[in-house]
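Numbering (this note's numbering), first residue to last: 12 to 590.
Glycine included, every Cβ here is placed at the ideal spot set by N, Cα and C.
Reviewing the structure listed below.
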């Protein structure tokens with residue numbers, strides 16, 4: 012009996028051992044097959060991120076799932092990180108953010124919380140939070156990346172400067188201009204002093220600092236940093252290189268905005284000469300120069316010359332890269348600007364329709380760009396006084412962004428502002444006020460209270476109140492806005508404040524003058540100190556004119572000179588009432 016039990020026991024043990032060995036062998040085979048597949052998917056996905064991000068995302072998602080399932084967190088983190096980049100290319104910030112956050116957690120499991128890989132993932136997550144306008148979360152992510160990199164590399168490493176640059180970008184986006192400038196300058200100092208080499212990130216810092224000074228209307232400082240960018244690019248890439256030609260174009264564009272026609276043409280022409288002297292592949296970039304030169308001659312109202320350059324750009328693109336969608340896109344926009352300048356609104360819109368056709372043919376997911384085009388089409392129709400078509404395109408612009416409302420809130424606010432302006436023209440004043448209030452609510456959440464977009468909405472709301480016969484409320488609204496914009500003054504009336512767009516401020520002045528001079532407006536009935544208000548408006552107007560004159564911005568000076576007569580008439584009228 013005991014012998015039988017023993018045989019049975021050993022037989023069962025052998026069966027169990029055979030089962031586990033077989034299962035283990037199968038599991039090992041599955042592991043090898045799965046991880047080999049994951050590796051192949053990762054490599055394929057990574058290789059096609061920039062060209063076919065949608066396909067890349069499918070491969071990388073599969074790799075990330077397999078690696079995570081087997082708890083291979085290092086490989087899973089790499090796959091998640093690259094998957095986040097693929098979503099960035101597809102302009103899908105929320106999925107990208109989720110991937111970067113997963114990568115950060117998995118990198119931390121493998122290397123610890125203080126590893127540079129974790130910092131990279133946090134930095135990328137900060138970028139996505141910024142795009143989604145989660146500004147506090149973006150700052151927290153950047154700060155974590157900054158702390159890790161400082162601890163690992165030291166305070167004076169370009170990796171640290173890169174995060175400072177991102178923090179500066181965020182500060183600029185929130186109109187914290189002085190903070191942005193300080194951060195950019197700190198990043199530039201690190202790059203300039205870094206012992207090993209002057210890396211290309213320094214160029215980005217110069218360009219970003221140029222842009223923030225430009226946004227702040229500090230043109231001299233903007234010019235200095237743009238010329239530093241040009242000098243750096245010449246040393247880094249060579250004087251006769253495509254990157255240098257690109258920066259020459261940027262400088263030309265800057266002088267174009269400053270109405271310095273001689274320098275505009277000089278820098279655009281230098282970029283053109285560089286491209287002409289380069290090899291065949293580089294000469295594919297000649298249409299860029301033709302487009303810029305065409306835009307210059309368009310601004311000079313030399314329409315035939317402008318058309319000639321635009322046609323040259325088109326001819327090269329058709330001959331050398333007929334399937335290049337970006338080249339076709341640029342070509343179509345050239346003709347949009349050309350026909351807009353000629354005030355041929357129908358043809359301008361028809362070329363925009365060709366741009367949309369290009370996007371839809373490519374099954375584009377660039378919803379922001381499509382929405383922007385619809386909004387521009389709406390603005391052209393508005394200029395042509397075709398308000399029905401303007402409202403239709405405005406609605407199309409909104410529909411493109413509605414599914415991703417939170418990440419496009421400010422763009423949607425712009426759409427509602429434009430809709431309010433259209434509704435004012437069609438006398439739909441109650442609907443106009445609803446649209447403008449919606450725009451204002453969004454802007455108050457994301458922008459500083461002195462931002463020029465908020466001022467524009469205030470002006471439009473004042474126009475609605477004027478149409479309703481509520482002149483007192485309209486003027487009070489403008490007076491509050493005016494005092495808000497000039498309360499924290501850098502000069503006597505805050506005209507150098509970075510948030511104030513001078514053109515919009517002129518518009519506020521014009522409407523204020525109009526309300527004050529209205530025969531229906533009794534200064535006593537309005538209950539305002541008109542003498543004080545008029546003095547503020549007069550001082551503001553005169554300082555703006557003086558500033559434009561001293562800066563040589565003659566187009567701005569003459570553009571608003573027409574308000575001089577209106578201002579004088581207003582003063583005469585008010586003085587007669589107040590005596």
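### Task
For residue 401, collect the residues of the same chain with a Cβ closer than 7 Å to its Cβ; drop the 5 residues on either side in sequence, then sort them by chain order.
Against the chain shown, residue 401 aligns to sequence position 390. Cβ neighbours of residue 401 beyond the five flanking positions: 389, 392, 393 and 433.
### Query
How would you call residue 244, buried or exposed, if buried means at least 16 neighbouring beta carbons within 10 angstroms?
Counting from 1 along the chain shown, the entry for residue 244 is found at position 233. By the neighbour-count rule (16 or more Cβ atoms within 10 Å), residue 244 is buried.
### Query
Counting Cβ pairs closer than 8 Å, one from the region 139 to 159 and one from the region 186 to 199, do we hit at least three?
no
### Query
Taking buried to mean at least 16 other C-beta atoms within 10 Å of its own C-beta, is residue 43 buried or exposed?
The residue given as residue 43 occupies position 32 in the chain shown. Classification for residue 43: exposed.
### Query
With distances taken from CA atoms, which of 386, 212 and 231 is nearest residue 265?
As a working mapping, residue 265 is identified with position 254 in the chain shown. Cα-wise, what sits closest to residue 265 is 231.
### Query
Short check: CB of residue 468 to CB of residue 450, under 8 Å?
By 1-based counting over the chain shown, the position of residue 468 is 457. By 1-based counting over the chain shown, the position of residue 450 is 439. At a Cβ-Cβ threshold of 8 Å, residue 468 and residue 450 count as neighbours.
### Query
Taking residue 284 as the reference, which of 144, 301, 271 and 268 has the closest Cα?
Looking up residue 284 in the chain shown gives position 273. Relative to residue 284, the option among 144, 301, 271 and 268 whose CA is nearest is 301.
### Message
Alpha carbons only, please: which of 353, 311, 298 and 355 is nearest the one belonging to residue 333?
### Response
As a first step, residue 333 is located in the chain shown; it is residue number 322 there, counting from the start. When only C-alpha atoms are compared, the closest one is 298.
### Message
Between the region 47 to 58 and the region 80 to 97, can you find at least three pairs of beta-carbon atoms closer than 8 Å?
### Response
Counting Cβ pairs under 8 Å, three or more are found: they touch.
### Query
Does the region 307 to 323 come close enough to the region 333 to 353 that 3 or more CB-CB pairs lie under 8 Å?
yes
### Task
Determine contact between the region 324 to 338 and the region 357 to 367, defined as no fewer than three beta-carbon pairs at a distance below 8 Å.
no
### Message
For residue 412, which residues in the same chain have their Cβ closer than 8 Å to its Cβ, ignoring the five residues on either side in sequence?
### Response
In the chain shown, counting from the first residue as 1, residue 412 sits at position 401. 378, 379, 382, 419, 422, 423 and 426.
### Query
Considering only residues of the same chain and omitting the five flanking positions on each side of residue 77, which have a CB-CB separation below 6 Å?
Start at 1 with the first residue of the chain shown, and residue 77 comes out as number 66. Contacts found: 45 and 49.
### Query
Taking DSSP as the reference, what is the three-state secondary structure of residue 501?
Locating residue 501 in the chain shown gives position 490, counting from the first residue. Unreliable positioning characterises residue 501 in this predicted model, as indicated by a pLDDT of 35, which lies under 50. The coordinate reading is nonetheless provided below. Residue state, collapsed to three classes: coil.
### Message
Can you look up residue 90 in the DSSP assignment and give me helix, strand or coil?
### Response
Counting from 1 along the chain shown, the entry for residue 90 is found at position 79. Residue 90 falls in the helix class under three-state DSSP.
### Message
Going by C-alpha to C-alpha distance, which of 460, 482, 521 and 487 sits closest to residue 185?
### Response
Against the chain shown, residue 185 aligns to sequence position 174. Comparing Cα-Cα distances from residue 185 to each of 460, 482, 521 and 487, the minimum goes to 460.
### Message
For residue 478, which residues in the same chain have their Cβ closer than 8 Å to its Cβ, ignoring the five residues on either side in sequence?
### Response
Residue 478 sits at position 467 when you count from the first residue of the chain shown. Annotation for residue 478: 435, 438 and 440 place their beta carbon closer than 8 Å to its own, counting only its chain and skipping 5 residues before and after.
### Message
For residue 462, count the other beta carbons within 10 Å of its own beta carbon; 16 or more makes it buried, fewer makes it exposed. Which is it?
### Response
To locate residue 462, count along the chain shown from 1; it is residue 451. Result: buried.
### Query
What are the boundary residues of the alpha helix (DSSP H) that includes residue 305?
Taking the chain shown and counting its residues from 1, the one referred to as residue 305 is at position 294. Start and end: 297 to 310.
### Query
Taking the alpha-carbon positions, what's the residue 71 to residue 64 distance?
One-based indexing of the chain shown puts residue 71 at position 60. One-based indexing of the chain shown puts residue 64 at position 53. One C-alpha to the other measures close to 10 Å.
### Message
For residue 501 and residue 480, I'd like the C-alpha separation in whole angstroms.
### Response
Translated into the one-based positions of the chain shown, residue 501 becomes position 490. Translated into the one-based positions of the chain shown, residue 480 becomes position 469. Residue confidence is low: residue 501 scores 35 on pLDDT, short of 50, so the model does not pin down where it sits. Its coordinate-derived value is still stated next. Taking the straight line from one Cα to the other gives about 36 Å.
### residue 227 - containing alpha helix (DSSP H), residue span
Residue mapping note: residue 227 aligns to position 216 of the chain shown, counting from 1. Taken as a continuous stretch (DSSP letters only), residue 227 belongs to no alpha helix (DSSP H), as it is neither H nor E.
#### Entry: Separation of residue 138 from residue 176, as counted between CA atoms
Position 165 of the chain shown, counting from 1, holds the residue named residue 176. Position 127 of the chain shown, counting from 1, holds the residue named residue 138. Spanning the two alpha carbons is a distance of roughly 11 Å.
### Task
Could you check the C-alpha separation between residue 75 and residue 51 for me, to the nearest Å?
For the purposes of this step, residue 75 is taken as the residue at position 64 of the chain shown. For the purposes of this step, residue 51 is taken as the residue at position 40 of the chain shown. Residue 75 and residue 51: Cα-Cα distance of roughly 12 Å.
### Message
Helix, strand or coil, according to DSSP, for residue 135 in the structure here?
### Response
Numbered from 1 along the chain shown, position 124 holds the residue referred to as residue 135. Helix at residue 135.
### Reduced DSSP secondary structure (H/G/I, E/B, other) of residue 359
Locating residue 359 in the chain shown gives position 348, where the first residue counts as 1. In this structure, residue 359 counts as helix in the three-state DSSP scheme.
### Task
Please report how far the alpha carbon of residue 98 lies from the alpha carbon of residue 67, in whole angstroms.
Residue 98 sits at position 87 when you count from the first residue of the chain shown. Residue 67 sits at position 56 when you count from the first residue of the chain shown. Their Cα atoms are separated by approximately 9 Å.
### Task
Report the three-state DSSP secondary structure of residue 354 (helix, strand or coil).
Here the question's residue 354 lines up with position 343 in the chain shown. DSSP places residue 354 outside both helix and strand once states are collapsed to three, so it counts as coil.
#### Entry: Check whether residue 134 and residue 174 have beta carbons under 8 Å apart
For the purposes of this step, residue 134 is taken as residue 123 along the chain shown, with counting starting at 1. For the purposes of this step, residue 174 is taken as residue 163 along the chain shown, with counting starting at 1. Taking 8 Å as the Cβ cut-off, residue 134 and residue 174 qualify as a contacting pair.
### Query
Between residue 453 and the rest of its own chain, which residues show a CB-CB distance below 6 Å, the 5 nearest in sequence each way excluded?
In the chain shown, residue 453 corresponds to position 442, counting from 1. Setting aside the 5 residues that flank it on each side, residue 453 is surrounded in the same chain by 420 and 424, each with a C-beta closer than 6 Å to its C-beta; the list follows chain order.
### Message
Let's test the definition: count the other Cβ atoms within 10 Å of the Cβ of residue 330 and tell me whether it reaches 16, buried, or not, exposed.
### Response
Numbered from 1 along the chain shown, position 319 holds the residue referred to as residue 330. Around the beta-carbon of residue 330, fewer than 16 other beta-carbon atoms lie within 10 Å, marking it exposed.
### Message
Using CA atoms only, rank isn't needed, just tell me which of 226, 115 and 215 is closest to residue 239.
### Response
Taking the chain shown and counting its residues from 1, the one referred to as residue 239 is at position 228. For residue 239, the nearest C-alpha among the options comes from 215.
### Query
So, residue 405 versus residue 429, is the Cβ gap smaller than 8 Å?
For the purposes of this step, residue 405 is taken as residue 394 along the chain shown, with counting starting at 1. For the purposes of this step, residue 429 is taken as residue 418 along the chain shown, with counting starting at 1. For residue 405 and residue 429, yes; Cβs fall inside 8 Å.
### Message
Rounded to the nearest angstrom, what separates residue 524 and residue 490 at their Cα positions?
### Response
Residue numbering aside, residue 524 sits at position 513 when the chain shown is read from its first letter. Residue numbering aside, residue 490 sits at position 479 when the chain shown is read from its first letter. Distance between the alpha carbons of residue 524 and residue 490 is about 11 Å.
### Task
In the DSSP assignment, find the unbroken alpha helix (DSSP H) run with residue 61 in it and report its ends.
Along the chain shown, read from residue 1 onward, the residue named residue 61 stands at position 50. Neither: residue 61 is in no alpha helix (DSSP H) and is coded neither H nor E.
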